[in-house]
């Protein structure tokens, strides 16, 4: 069952491991119940990705709080979870599963989908 209280601190930078990569992330407040998830792979500290917009939602039938994330993929993917930390990890994993431009394992770029001239 979903918990009413928030599981992660939304105010400060956090770290999370997704796959074999450690990410620093932060949730930037957009309004009272909406946050933008921004993440940086620790092995590529100059890369910053706007991963998703996460909203705090409530099921009014049973007063259950949950989270919904609109992931910035093409097409946009929408996921829901009862745990904030879990939805952050899932959103980061989904984003990088659909973004072949970067390989976070060995810090090399794949030019296949980049906007470079060469």
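Numbering (my numbering), first residue to last: 678 to 795. For every residue, glycine included, the Cβ atom is placed at its ideal position computed from N, Cα and C.
DSSP state of residue 774, grouped into three classes? helix
Comparing C-alpha positions only, which one of 729, 759, 755 sits nearest to residue 743? 759
If we ignore side chains and look at the alpha-carbon of each, how far apart do residue 726 and residue 776 end up? 11 Å
Does residue 694 pass the burial test, meaning 16 or more other C-beta atoms within 10 Å, or should it be called exposed? exposed
What three-state label does DSSP hand residue 751 in the structure shown? coil
To which residues of the same chain is residue 691 closer than 6 Å at the C-beta, ignoring the five residues directly before and after it? 702
Quick one: is residue 752 buried, meaning 16 or more other Cβ sit within 10 Å of its Cβ, or exposed? exposed
CB-CB under 6 Å to residue 731, same chain, minus the five flanking residues each way: which ones, in chain order? 712, 714, 744, 746
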